[in-house]
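Trainee: Numbering (our numbering), first residue to last: 490 to 726.
Glycine included, every Cβ here is placed at the ideal spot set by N, Cα and C.
Note that the coordinates shown come from a computational prediction; the quantities given were computed from them, not determined experimentally.
If you scroll down you'll find the structure; I have some questions about it.
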């Protein structure tokens, strides 16, 4: 909220990079879709969640999570433009282009979410109703369902693979061009500034992609989820 407020108040922060930072900061909706429920359960000891509430939680967390990958890919392009196209960066990353990219990120997240969510709404739970996870997520829900979940598992994996691959390719290509351009600089001081500018984004990309590849590219949801629970904490942190 501090980042969002400062970006709107300070006129010096009306730049594409801070515009994208503001939208990434909107992942407050990502954490707020589950963290308040966690705190409530810890404070009251009530660990029961209604079916409708679980569906809403899965929908919001997955939508914000998928949109974040596209935002990270867009931010990698925003890092690429000032380094590799410095003379045309203002024209390329205009306010109109930035708004279009942001709308695309959220619409892409919605398009990726709809197919697996529509298949998951007809799940039947006739045995266990205990979710072996901190919150409601796709694989923990599939694990306790007594329906045939093979198609749904494959749909989740396909959507995860497409999202990760498409966005990761954009990130890798952007940083490949950035590194290639930086290596052409003659002085170490000229090379240092672009690396410092991109380093924070690279760390976020590494943690986000690493944890989600580990969680969502497992071939089956019926397997062990204990390790996935621990790794998932990295996403919410």
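So residue 550 is in the alpha helix (DSSP H); what residue range does that whole segment cover?
Mentor: In the chain shown, counting from the first residue as 1, residue 550 sits at position 61. 540-573 is the span of the alpha helix (DSSP H), which, as asked, contains residue 550.
Trainee: What is the DSSP secondary structure of residue 610, reduced to helix, strand or coil?
Mentor: Numbered from its first residue, the chain shown carries residue 610 at position 121. Note: residue 610 maps to coil in three-state DSSP.
Trainee: Just reading off the alpha helix (DSSP H) that residue 504 is part of, what are its end residues?
Mentor: For the purposes of this step, residue 504 is identified with residue 15 of the chain shown, where counting begins at 1. For residue 504, there is no enclosing alpha helix (DSSP H), as DSSP gives it neither H nor E.
Trainee: For residue 708, which three-state DSSP category applies?
Mentor: By 1-based counting over the chain shown, the position of residue 708 is 219. For residue 708, the pLDDT reaches just 49, beneath the cut-off of 50, and the residue's location in the model is therefore unreliable, leaving the point undetermined.
Trainee: Does residue 495 come out as helix, strand or coil in the three-state DSSP assignment?
Mentor: What you label residue 495 is simply residue 6 of the chain shown in a count that begins at 1. Of the three classes helix, strand and coil, the one that applies to residue 495 here is helix, per DSSP.
Trainee: Which same chain residues, not among the five before or five after residue 511, have their C-beta less than 6 Å away from its C-beta?
Mentor: Along the chain shown, read from residue 1 onward, the residue named residue 511 stands at position 22. For residue 511, where only same-chain residues beyond five positions count, the Cβ hits under 6 Å are 493 and 496.
Trainee: Count the other CB atoms, across all protein chains shown, that sit within 10 Å of the CB of residue 640; report buried if there are 16 or more and exposed otherwise.
Mentor: Here residue 640 corresponds to residue number 151 of the chain shown, with the count starting at 1. Per the 10 Å Cβ criterion, exposed.
Trainee: From this set, 671, 509, 699 and 501, which residue's C-alpha is nearest residue 585's C-alpha?
Mentor: Mapped onto the chain shown, residue 585 falls at position 96. Taking only the C-alpha atoms, the option nearest residue 585 is 509.
Trainee: Please list the terminal residues of the continuous alpha helix (DSSP H) segment that includes residue 648.
Mentor: Here the question's residue 648 lines up with position 159 in the chain shown. Run containing residue 648: 639-671, per the alpha helix (DSSP H) assignment.
Trainee: Taking just the CA atoms, how far does residue 593 sit from residue 701?
Mentor: Against the chain shown, residue 701 aligns to sequence position 212. Against the chain shown, residue 593 aligns to sequence position 104. Near 21 Å, if we compare the C-alpha coordinates of residue 593 and residue 701.
Trainee: Do you know offhand how far residue 708's Cα is from residue 677's?
Mentor: For this step, residue 708 is matched to residue 219 along the chain shown. For this step, residue 677 is matched to residue 188 along the chain shown. Reliability of the predicted coordinates at residue 708 is poor, the pLDDT of 49 falling under 50, and the value obtained from them is presented with this limitation in mind. Going by the C-alpha atoms only, they are around 45 Å apart.
Trainee: Are the region 546-555 and the region 591-610 in contact at 8 Å, needing three or more beta carbon pairs?
Mentor: yes
Trainee: With 16 as the cutoff for other CB atoms within 10 Å, does residue 625 come out buried or exposed?
Mentor: Looking up residue 625 in the chain shown gives position 136. Result: buried.
Trainee: Would you give the residue range spanned by the alpha helix (DSSP H) that residue 675 belongs to?
Mentor: By one-based count along the chain shown, residue 675 stands at place 186. Element bounds for residue 675: n/a, residue is neither H nor E.
Trainee: Can you give me the C-alpha to C-alpha distance between residue 638 and residue 611, rounded to a whole angstrom?
Mentor: On the chain shown, position 149 is the one that residue 638 refers to. On the chain shown, position 122 is the one that residue 611 refers to. Taking the straight line from one Cα to the other gives about 10 Å.
Trainee: Anyone know if the C-beta pair for residue 559 and residue 652 falls short of 9 Å?
Mentor: Position 70 of the chain shown holds residue 559. Position 163 of the chain shown holds residue 652. Contact check for residue 559 against residue 652 passes: the beta carbons are separated by less than 9 Å.
Trainee: Looking at residue 523 and residue 623, is the spacing between their C-beta atoms short of 9 Å?
Mentor: The residue labelled residue 623 in the question sits at position 134 within the chain shown. The residue labelled residue 523 in the question sits at position 34 within the chain shown. Closer than 9 Å, so yes.
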